[in-house]
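Accompanying notes for the structure given below.
Residue numbers (our numbering): 13 to 417.
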């Protein structure tokens, strides 16, 4: 068999060009074979073929198709609603391809199934050079556009930076969420500052930074971006609430960073709004009836106690716990009482202190006092929680005391 290339077809700009092999018995489309595709790839506007070219890095084939079918190719989307611009960005392909697609008028504002633009993906990985490729003005030496067209394209690219993904995050907010500092600094150079914009849940960039325990980012958002220290939805936890929850989850020796961030927040007049609690529930496994633990977070509005009163109570409670661990129960009892007296009795912290004090009364044989405190603690918890491990713990303690009567 002899393979022959029809040079007139190969050199033609006609997209219907085919590369064929001939023999005495067959007449095949040779360019469909592996070897034939190396010699020549026919231009296509088929979405499946275009995305296959991009996924496998076949840029020659992609460019050949783009030259012929660019108006179609910039419009196509895959099953995730992603354009070719999304794919090139996600896979970190050379920046010149990004610029080429933008010049072919591929829409930088197009969102995929998650609401992401190409810029969102660049920021998510802190790929500042990719973000620049998506937003920089076309160089004045490129004469294919008028100045008016160049300005219009630049403005449209910048518009993509204000688009929110499905959870309400702009690229600025996403940069804070993922601690993408290089992209964040570039966005600030563009005078883009969404520091006080709320996401769909009512939180802001400062909430993300505190939750990440990123002290430098907290300082940047407060001092350079003028973040509202008490911004966000007033019915949700404040940045100080988040900080205090973070600190409580760590061992005492691992709280230095949290203490440092707290001093920054307090210096900027941060206040408490809600208390974040870890809720642990048990349920029966559907197969073997074993108990499984489900963990989640909840928040409840703080009572009328001031920040200083809550902090004083917590300090007393820490002293009480230390004394309790040293078996100095009388002294521990006194400090738990001080903690309880420092805040109102409709606070979950108060319920914790009451439970610990009740245990000391039980050790002293003061069961009636213990029952009274446990029932008060149970009533407080039931205001905010339902079927949690803490509630079960109180109920077990009450049951154990009642059995001794």
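Note that beta-carbon positions come from the ideal geometry of N, C-alpha and C, so glycine has one too.
Residue burial classification, residue i (beta-carbon count within 10 angstroms, cutoff 16)
i: residue 273; result: buried
i: residue 69; result: exposed
i: residue 336; result: buried
i: residue 126; result: exposed
i: residue 391; result: exposed
i: residue 156; result: exposed
i: residue 393; result: buried
i: residue 236; result: exposed
i: residue 289; result: buried
i: residue 368; result: buried
i: residue 253; result: buried
Rounded straight-line distance, which links the Cα of residue j to that of residue i
i: residue 303; j: residue 196; result: Note on residue 303: pLDDT 42, under 50, position unreliable in the model; the coordinate value appears next. Straight-line Cα distance between these residues: approximately 45 Å.
i: residue 120; j: residue 135; result: 14 Å
i: residue 234; j: residue 279; result: 11 Å
i: residue 387; j: residue 397; result: 15 Å
i: residue 339; j: residue 239; result: 47 Å
i: residue 176; j: residue 147; result: 17 Å
i: residue 269; j: residue 275; result: 10 Å
i: residue 213; j: residue 179; result: 8 Å
i: residue 93; j: residue 59; result: 12 Å
i: residue 215; j: residue 355; result: 27 Å
i: residue 184; j: residue 204; result: 7 Å
i: residue 211; j: residue 221; result: 14 Å
i: residue 350; j: residue 219; result: 32 Å
i: residue 306; j: residue 224; result: Low local confidence applies: a pLDDT of 48 at residue 306 is under 50, so the model's placement there is unreliable, and no value is given.
i: residue 103; j: residue 131; result: 13 Å
i: residue 363; j: residue 142; result: 52 Å
i: residue 17; j: residue 47; result: With a pLDDT of 32 at residue 17, under the threshold of 50, the modelled position of this residue cannot be trusted; read the value that follows with caution. Each residue's Cα considered, the two are about 13 Å apart.
i: residue 79; j: residue 271; result: 59 Å
i: residue 416; j: residue 379; result: 9 Å
i: residue 172; j: residue 207; result: 17 Å
i: residue 159; j: residue 169; result: 15 Å
i: residue 320; j: residue 190; result: 32 Å
Test: residue i CB closer than 7 Å to a CB of chain C
i: residue 129; result: You won't find chain C in this structure, because it holds only one protein chain.
N- and C-terminal bounds of the alpha helix (DSSP H) containing residue i
i: residue 73; result: 71 to 85
i: residue 386; result: 379 to 396
i: residue 115; result: 107 to 115
i: residue 62; result: 59 to 67
i: residue 142; result: 140 to 147
i: residue 357; result: Taken as a continuous stretch (DSSP letters only), residue 357 belongs to no alpha helix (DSSP H), as it is neither H nor E.
i: residue 157; result: Premise fails: residue 157 is in no alpha helix (DSSP H) and is neither H nor E.
i: residue 222; result: 217 to 223
i: residue 151; result: From DSSP, residue 151 is part of no alpha helix (DSSP H); its letter is neither H nor E.
i: residue 184; result: 183 to 189
i: residue 408; result: 401 to 415
i: residue 258; result: 251 to 260
Exercise for review: Evaluate the contact criterion for the stretch 114 to 131 versus the stretch 153 to 172: three or more CB pairs, one atom per stretch, below 8 Å.
Suggested key: yes
Check your understanding: Okay, do the stretch 280 to 293 and the stretch 237 to 247 touch, 3+ Cβ pairs below 8 Å being the bar?
Key -> yes
Practice item. Evaluate contact between the stretch 257 to 275 and the stretch 371 to 386, counting only Cβ atoms and requiring at least three cross-stretch pairs below 8 Å. Key: no
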